[in-house]
Structure formats: structure tokens, C-alpha cells
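Engineer: After the C-alpha cells below, expect a handful of questions from me.
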Amino acid sequence: MVAGDGIELVGHVLRRCQQLHHAVWAEEVGGILTSPQYSVVHSVAAAEAEGAGPLDQHSLGVAAGLDRTTVAGVIRRLEEQGWLRRERDPRDARRRVVTLPTPSRVAVAGMAPAVLAVQERILAPLSDEERQWITDRLARLAPAGAAVQDRRPGHLIRLAQQWHTALWAEELGTLITGPQYAALSVLAGQGPAPQSVLAELAALDRSSASAVLRRLEGRGWAGRQPEPGDRRSRLVSLTEAGRALLTSVAGGVDRVQRRILEPVPPADRRRTVEVLAVVAQGD
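Okay, here's the thing in C-alpha cells:
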């Protein structure tokens, strides 16, 4: 899926990178902690190790790259599981801070090799020079004011994708989501396709592909038709309303592309997307 200037759309590439990160994380780390949960406990441990003192919920959200609602839920679940404690700050009783029990601190340290393996596998297709180069550019794609001291590629990819989602909402509102746009764009370029093929090309995971397609059909932007030669199989196709919708949102999509790449030097923007596309293909 490419933009008007012939390079892939940033959001599409970031979503593919994020899917790769999820898959590799599950293989290397397993179900001990999700990546966002690890970011939270890692941020607490890092602050303690640096002598910065305990973090409150807001500071922890900034450090872990999570919005206010998400970090509250993550902290609550980690506290229920015994990974974290919330207590009154001894220096300011009005402030509640998050701390790590000793067993959690030991467990986080023990996870470090597996977490490092995730980052190594994500960047495996790149040379050492390219790895450093794309890490620096990913840090620039994070939203303004975000803490990027944690320079794990997977963490930076998540920050960039979150910022892309926020920019998309600013430019396009609730009319159409990025994944819905991706599905329609694939149909526009490839023609009618089975749901499984469409999901793969649009970077939709299996759990969300059906919901995305139901939404597109409900809005009249896509439909299903029997496959020639096999009436038991159905193809997803783009409707005229869907084609008109793609035309109407093209300007907003282009503005999202420009805005998210704005912090990257102009000469590096095309290469940034191209290198991320290589990462998204996996090792």
C-alpha cells in the first residue's frame, strides 16, 4: 500500500512492524508480561536504579509511553498480580507512587535477555549501521513530549503507532479507521479477494479482520460475491461508495503521512519508511 509519492504509508508499515513485534514477543517472552506491562515495570525499575525516586501514575505513563486511561488499567492489573505496589509518597502524603517489590525487581532483571532477543530479532534484517539509524528516526516519530529514554525498537514502534493513531483521529475523525482504510485500499489496488488474502495484505490480524469487514459492509463500502468457479467461496470487493470514500479521504491521509514524518529530516523520510518496511517483513 503506497502513498501518492510511491512510498508505503507510514501507518500501514508501523502496524505491520507492531504485528511482528507482538509475534516475536510471544515467542521469546511468552505470557509472563505483555510488552506494555513490561514497559511499566521496566520504567519503575529504571527510575529506582537511577535514584530518581518512585514515580507517580502520571510520570509512569509518560515514561512507559501509555496514555492516562491505559496506564491506569495496566497498573491496576499488575498490582492485582503482585508485580507492583501503590503507596503514599513518604515525602508528600497527597501523592501516590508506584514501587516494585523485591521479587518483581529480580524477575524484571531476569527477563532482560529475552527482551533483548526480541529487539535483536526485529532488527535482524538490518546491518548494525541501519539499526542505529532507524532507532534514531523511530525516536523522532514519537509524539512531542514523549519520554524516549527507553530506546528499545519495539517500544519506539509502539509510540510511533500510537502517535499515528492520534494524528489519524485529528485529520479523519471517526469516519474511517486506519485498518478500515487499509482494507479498502487493498481492494482498490488488487480487486476482489478472499477474506484471508485481504487480511494479510492489509495487515489485519485474524481476530480483527472479520470485525473490520462487517463494518465496511455495514457502511456500504465493501461487499461479498461468489467466487467464479466456486460458489461456496466468497470474495470481498470494493463498492462504488467505497471507491468514492477513498477519494474523499485522500487529502486527510496524505496530511497524516506528512505530519508524522515532519520531525524526520526531509532527506531521510523516504528511507525511514523503506527501512521500516524491511523490518516489517521479518527475518
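Under the working numbering, think of the first position of the sequence shown as 1, with each following residue one higher.
All C-beta atoms, glycine included, are put in the ideal place defined by N, C-alpha and C.
Just to confirm, is the Cβ distance from C17 to Q161 under 9 Å?
Structural biologist: To locate residue 17, count along the sequence shown from 1; it is residue 17. To locate residue 161, count along the sequence shown from 1; it is residue 161. In this structure, Q161 lies closer than 9 Å to C17 by Cβ.
Engineer: How far does the beta strand (DSSP E) with G31 in it extend, from its first residue to its last?
Structural biologist: In the sequence shown, residue 31 corresponds to position 31, counting from 1. Note, G31: premise wrong, no beta strand (DSSP E); not H, not E.
Engineer: Would you check if there are 3 or more beta carbon pairs closer than 8 Å linking the region 177-194 to the region 208-224?
Structural biologist: As far as the Cβ criterion goes, the region 177-194 touches the region 208-224, which means the pair count is three or higher.
Engineer: According to DSSP, simplified to helix, strand and coil, what is A139?
Structural biologist: In the sequence shown, counting from the first residue as 1, residue 139 sits at position 139. Helix at A139.
Engineer: Pull up the distance between the alpha-carbon of G30 and that of L201, whole angstroms please.
Structural biologist: Locating residue 30 in the sequence shown gives position 30, counting from the first residue. Locating residue 201 in the sequence shown gives position 201, counting from the first residue. The straight-line gap from Cα to Cα measures roughly 26 Å.
Engineer: Which residue comes first and which comes last in the beta strand (DSSP E) that contains Q281?
Structural biologist: Stepping through the sequence shown from its first residue, residue 281 is reached at position 281. Unbroken run through Q281: none, as it is neither H nor E.
Engineer: Can you tell which of W25, G11 and H42 has the C-alpha that lies nearest to the C-alpha of G282?
Structural biologist: The residue you call residue 282 lines up with position 282 of the sequence shown. That would be W25, whose Cα lies nearest to the Cα of G282.
Engineer: Opposite E87 in the DSSP bridges: which residues?
Structural biologist: On the sequence shown, residue 87 is found 87 positions in, with the first residue counted as 1. In the DSSP output, where bridge partners are listed per residue, E87 has V97.
Engineer: Going along the chain, which residues of its own chain have a beta-carbon closer than 7 Å to the beta-carbon of L167, five neighbours each way excluded?
Structural biologist: By 1-based counting over the sequence shown, the position of residue 167 is 167. Only V256, R259 and I260 meet the Cβ criterion.
Engineer: Please list the terminal residues of the continuous beta strand (DSSP E) segment that includes P226.
Structural biologist: Along the sequence shown, one-based indexing puts residue 226 at 226. Its beta strand (DSSP E) spans residues A222 to E227.
Engineer: Do you know how far the Cα of L276 is from the Cα of P125?
Structural biologist: Within the sequence shown, the letter at position 125 stands for residue 125. Within the sequence shown, the letter at position 276 stands for residue 276. Going from the Cα of P125 to the Cα of L276 covers about 10 Å.
Engineer: By the three-class DSSP mapping on this structure, what secondary structure does A124 have?
Structural biologist: Along the sequence shown, one-based indexing puts residue 124 at 124. Coil.
Engineer: Whole angstroms is fine: what's the gap from V278's alpha carbon to A169's?
Structural biologist: The sequence position of residue 278 within the sequence shown is 278, counting from 1. The sequence position of residue 169 within the sequence shown is 169, counting from 1. Going from the Cα of V278 to the Cα of A169 covers about 27 Å.
Engineer: Just to confirm my understanding: we take D5, look at its own chain, exclude 5 residues before and 5 after, and list those with CB closer than 6 Å. What are they?
Structural biologist: In the sequence shown, counting from the first residue as 1, residue 5 sits at position 5. Low local confidence applies: a pLDDT of 47 at D5 is under 50, so the model's placement there is unreliable, and no value is given.
Engineer: My output table needs one value for E50: the three-state DSSP class, helix, strand or coil.
Structural biologist: Taking the sequence shown and counting its residues from 1, one reaches residue 50 at position 50. Reduced to three states, the DSSP call for E50 is coil.
Engineer: So, does the region 43-51 touch the region 85-96, judging by three or more C-beta pairs under 8 Å?
Structural biologist: They do not touch, by the three-pair rule.
Engineer: Say whether the region 60-67 touches the region 30-39, bearing in mind that this needs 3 or more beta-carbon pairs closer than 8 Å, one atom from each stretch.
Structural biologist: Counting Cβ pairs under 8 Å, three or more are found: they touch.
Engineer: Let's test the definition: count the other Cβ atoms within 10 Å of the Cβ of V106 and tell me whether it reaches 16, buried, or not, exposed.
Structural biologist: Within the sequence shown, the letter at position 106 stands for residue 106. V106 should be labelled exposed.
Engineer: Whole angstroms is fine: what's the gap from V108's alpha carbon to L100's?
Structural biologist: Walking along the sequence shown from the start, residue 108 turns up at place 108. Walking along the sequence shown from the start, residue 100 turns up at place 100. Rounded to whole angstroms, V108 to L100 spans 10 Å at the Cα level.
Engineer: Does DSSP put V24 in a helix, a strand or coil?
Structural biologist: Position 24 of the sequence shown, counted from the first residue, corresponds to residue 24. Looking at V24 - three-state DSSP - the assignment turns out to be helix.
Engineer: With a cut-off of 8 Å on the beta carbons, I'd call A241 and G220 a contact; round off their distance for me.
Structural biologist: Position 241 of the sequence shown, counted from the first residue, corresponds to residue 241. Position 220 of the sequence shown, counted from the first residue, corresponds to residue 220. Right, the Cβ-Cβ distance comes to about 5 Å (below 8 Å), so this counts as a contact.
Engineer: So, at 6 Å on beta carbons, what are the nonlocal neighbours of P192 in its own chain, with the 5 sequence-adjacent residues on each side left out?
Structural biologist: One-based indexing of the sequence shown puts residue 192 at position 192. Closer than 6 Å at Cβ, skipping near neighbours: L235 and S237.
Engineer: On the criterion of 16 or more Cβ atoms from any shown chain inside 10 Å, does H58 qualify as buried, or is it exposed?
Structural biologist: In the sequence shown, counting from the first residue as 1, residue 58 sits at position 58. Exposed, because fewer than 16 other Cβ atoms sit within 10 Å of the Cβ of H58.
Engineer: Looking only at its chain, what residues have a beta carbon closer than 8 Å to the beta carbon of V44, apart from the 5 residues adjacent to it on each side?
Structural biologist: Stepping through the sequence shown from its first residue, residue 44 is reached at position 44. Within the same chain, V44 has close Cβ partners P54, L55, L60, L84, V98, T99 and L100.
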